[in-house]
Amino acid sequence: MMILPLFSLASCGTPHLPVVESVPVFTDVSMQGLDEVVIKNMKELDLPGMAIGIVKDGMPYYARGYGWASLKDKKRVTASTTFHTASISKVFTALAIMRLRDAGKLHLEQTLIETLPDLTYANEDAGNITLRQLLNHTSGLPDVKGYDWSSGKSDDMALENYFKSTSLETGSSPGTKIQYSNLGYDLLGLVVAKVSGQSFEDYVAQDILRPAGMSVSDFRYFRLDSENTARPYTKNLLGAVVPQKVYPYNREHAPSSTLNASAEEMTYWMAGFLRRLPKEASLMEMTRPSTALADWIGLGFQRFKVKGRTGIGHFGGDRGFRSYLLLLPEEEIGIVVLGNCDYEEDFRQLIAGELLAQLLE
185 MMILPLFSLA SCGTPHLPVV ESVPVFTDVS MQGLDEVVIK NMKELDLPGM AIGIVKDGMP
245 YYARGYGWAS LKDKKRVTAS TTFHTASISK VFTALAIMRL RDAGKLHLEQ TLIETLPDLT
305 YANEDAGNIT LRQLLNHTSG LPDVKGYDWS SGKSDDMALE NYFKSTSLET GSSPGTKIQY
365 SNLGYDLLGL VVAKVSGQSF EDYVAQDILR PAGMSVSDFR YFRLDSENTA RPYTKNLLGA
425 VVPQKVYPYN REHAPSSTLN ASAEEMTYWM AGFLRRLPKE ASLMEMTRPS TALADWIGLG
485 FQRFKVKGRT GIGHFGGDRG FRSYLLLLPE EEIGIVVLGN CDYEEDFRQL IAGELLAQLL
545 E
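All residue numbers for the sequence shown refer to the numbering used here, where the first residue is 185 and numbers rise by one.
Structure (structure tokens):
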């Protein structure tokens, strides 16, 4: 293994922020070129911490952490450090719906009022929204207006109580317009809970995360080891990197937003997904265009053109965190980029694109 020299980012806005290395997993072959991509961009963009995970030829290939999980405590990011992944969560919520569909417990054309009759529907259209329309953001529902992250609600009834106090109203007729809606995915999580008879988080952990080798990852922040969790950062008006005051967590919005996962465990999941994809019709269905309104949206997945190839995945962004999941099924490549800052929107696809270019060489 080639050990790269450490260097300081003192010339950037963040003092005392060396890009430190953790031991990579999955391979003992030197990955100097991949490391250099990450280190270069972290230095140029003044990023506190990051982790990457890579699948190549359908197998776990590389996972490594860089920089700081906590500037205050001088804790380094490793491949096993958990990050808030934000909207990458939606892929797993969609997987849960498809698993229940395949088990014969629901179908995608059933309506909300059929599935959740006890909710309040402000107009007829809201009750007639189908599960498919929730999955591909054509429900007509608005986005969440306030996440109330500071409350950190963690009781088992948080998701159900949120919707008991919410009147659902569409702004456009279902199926006529793409309107990104975290609210819609939180509803899907409630569907998972009602149909499975478990909490949303328990069902996903038992049926999706743990079988994929994700033994630590969880939608519940209180289940994580705080000593192994990346802290969120932003920049103040003077351009200094400072901690975000609130960690983005609230079980009211777990299905849309609160999966915490490490690069290592995301790499296990990516490899398993890519191996299963050609064999399972439901997974293939998730990756295809799901509406005539646009070809870039599947069921849970977004679709991308990357270096002339077709990719699927999802972006994630929240207070203090940015993430990017990218899968190229035909090439059997997977990349996940996890960062603990919210002030550079484009570093995710920039770094993923440069990593991909090397993997395709």
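Here a beta-carbon is modelled for each residue, glycine too, at the ideal position from N, C-alpha and C. Being a predicted model, the structure only gives us computed values, none of them experimental.
**Asked** Which residue from 278, 341, 250 and 322 puts its Cα closest to that of residue 235?
**Response** 250
**Prompt:** Counting pairs of beta carbons, one from the region 339-346 and one from the region 441-449, are three or more of them closer than 8 Å?
**Reply:** no
**Request:** Please name the residue in 505, 511, 455 and 218 whose C-alpha comes closest to that of residue 231.
**Result:** 505
**Prompt:** Does the beta-carbon of residue 321 have 16 or more other beta-carbons within 10 angstroms, so that it is buried, or is it exposed?
**Reply:** buried
**Message:** If you follow the alpha helix (DSSP H) that residue 286 is in, where does it begin and where does it stop?
**Reply:** 273-286
**Prompt:** Looking only at its own chain, which residues have a Cβ that is under 7 Å from the Cβ of residue 306, when we skip the five neighbours before and after it?
**Reply:** 351, 352 and 353
**Prompt:** Buried or exposed: which applies to residue 500, given that a residue is buried once 16 or more other Cβ atoms fall within 10 Å of its Cβ?
**Reply:** buried
**Those residues which DSSP pairs with residue 270 across a bridge** = 442
**Prompt:** Going by DSSP, which residues form a beta bridge with residue 252?
**Reply:** 260
**Asked** Residues bridged to residue 508 by DSSP?
**Response** 499 and 521
**Asked** Can you give the Cα-Cα distance for residue 338 and residue 435, rounded to whole angstroms?
**Response** 5 Å
**Message:** For the beta strand (DSSP E) containing residue 407, name the first residue and the last one.
**Reply:** Per DSSP, residue 407 belongs to no beta strand (DSSP E) and is neither H nor E.
**Prompt:** Near residue 311, which residues of its chain fall below 7 Å by C-beta distance, leaving aside the five closest residues on each side in sequence?
**Reply:** 295, 296, 297 and 305
**Prompt:** Taking 9 Å as the CB-CB cut-off, is residue 297 touching chain B?
**Reply:** No chain B appears in the structure shown, which is made up of a single protein chain.
**Message:** Can you find the residues in the same chain that come closer than 7 Å, C-beta to C-beta, to residue 373, ignoring five residues on each side of it along the sequence?
**Reply:** 277, 343, 384, 438 and 439
**contact_flag[the region 260-279, the region 488-499] where n(CB pairs < 8 Å) is 3 or more** = yes
**Among 264, 299, 490 and 258, nearest to residue 248 - alpha-carbon criterion** = 264
**Message:** Taking the alpha-carbon of residue 412 as reference, which of 379, 464, 233 and 381 has the nearest alpha-carbon?
**Reply:** 233
**Message:** Does the contact criterion of 3 or more C-beta pairs under 8 Å hold for the region 277-293 versus the region 325-336?
**Reply:** no
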